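Undergrad: Here it is, the structure in full.
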Amino acid sequence: MQQQGRFFSLMGKRKSRFSSTSQEEELFTSSSFKMKHKKRRKAKLSEETKQTRTSSSDRQWVFSSHDTSHLKDKVIIVSYNILGVANAINHSDLYRNVSLEFVNWNRRKKLIRDELNEYAPSIICFQEVDRFSELDELMQLDGYKGVYKARTGDAPDGCAIFWKKEL
Numbered sequence: 001m002q003q004q005g006r007f008f009s010l011m012g013k014r015k016s017r018f019s020s021t022s023q024e025e026e027l028f029t030s031s032s033f034k035m036k037h038k039k040r041r042k043a044k045l046s047e048e049t050k051q052t053r054t055s056s057s058d059r060q061w062v063f064s065s066h067d068t069s070h071l072k073d074k075v076i077i078v079s080y081n082i083l084g085v086a087n088a089i090n091h092s093d094l095y096r097n098v099s100l101e102f103v104n105w106n107r108r109k110k111l112i113r114d115e116l117n118e119y120a121p122s123i124i125c126f127q128e129v130d131r132f133s134e135l136d137e138l139m140q141l142d143g144y145k146g147v148y149k150a151r152t153g154d155a156p157d158g159c160a161i162f163w164k165k166e167l
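Residue 146 in full-length UniProt numbering sits at position 146 of the sequence shown, and the numbers go up by one each step.
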């Protein structure tokens, strides 16, 4: 915090080349300014993308080459954005090309459980949770305990963390 406060005080002392704040605001909100800087950012991002990103079909899991089966104290953490039911309904335009069976919550929660059983994680983090009680019941069947925190504002979802009762 102290560092941040110092940064702002230095910024406050800078001399503006504009005679008024409104002139400065007009420049930064003008469409020509936005377009010019948007093009620069896009060009910069495109170059970075070429250098660092690969297509999703090129991505593969990388597993450790060391045998860890002898380790007793290992922790596996899994995190998923599970697409809240309300978000799927309220933003159906985003999923118009997805068959309804794949968006169906009853089907998805079964698949989530099946997937988690493959990894046997110690800790699970979920985002976009809006059916915590259902998820909690499901996770308890596999020996997990969990907590939920709703997102602030009007959003109907939140985050949940589950952990194995016996770590």
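Think of the CB as a built atom: it goes at the ideal place given N, C-alpha and C, for glycine as much as any other residue.
All figures in this text were calculated on a predicted structure; none of them were measured in a lab.
Could you spell out the range, first to last residue, of the beta strand (DSSP E) harbouring E128?
TA: I123 to V129
Undergrad: For the candidate residues N90, I112, A86 and S64, whose alpha-carbon lies nearest to that of S79?
TA: I112
Undergrad: Rounding to the nearest angstrom, what Cα-Cα distance links A88 and P156 in this structure?
TA: 12 Å
Undergrad: Please go through the same chain and pick out, in chain order, the residues whose beta-carbon is closer than 7 Å to the beta-carbon of P121, but skip the five residues on each side of it.
TA: I76, I77 and V78
Undergrad: Along the chain, where does the alpha helix (DSSP H) containing Y119 start, and where does it finish?
TA: Start and end: W105 to Y119.
Undergrad: Starting from the Cα of G146, find the closest Cα among A160, E134 and D154 and give me that residue.
TA: A160
Undergrad: Should V129 and L138 be called a contact, given that it needs their Cβ atoms to be closer than 8 Å?
TA: no
Undergrad: State yes or no: is the C-beta of F126 within less than 8 Å of the C-beta of I82?
TA: yes
Undergrad: Please classify S133: does DSSP put it in a helix, a strand, or coil?
TA: helix
Undergrad: Per DSSP, G84 is paired with what?
TA: Looking at the DSSP assignment, G84 forms no beta bridge with any residue, so it has no partner.
Undergrad: Just verifying my parser: in three-state terms, what is the DSSP assignment at S92?
TA: DSSP places S92 in helix when its eight states are reduced to three.
Undergrad: Taking C-beta to C-beta, are I124 and F162 nearer than 8 Å?
TA: yes
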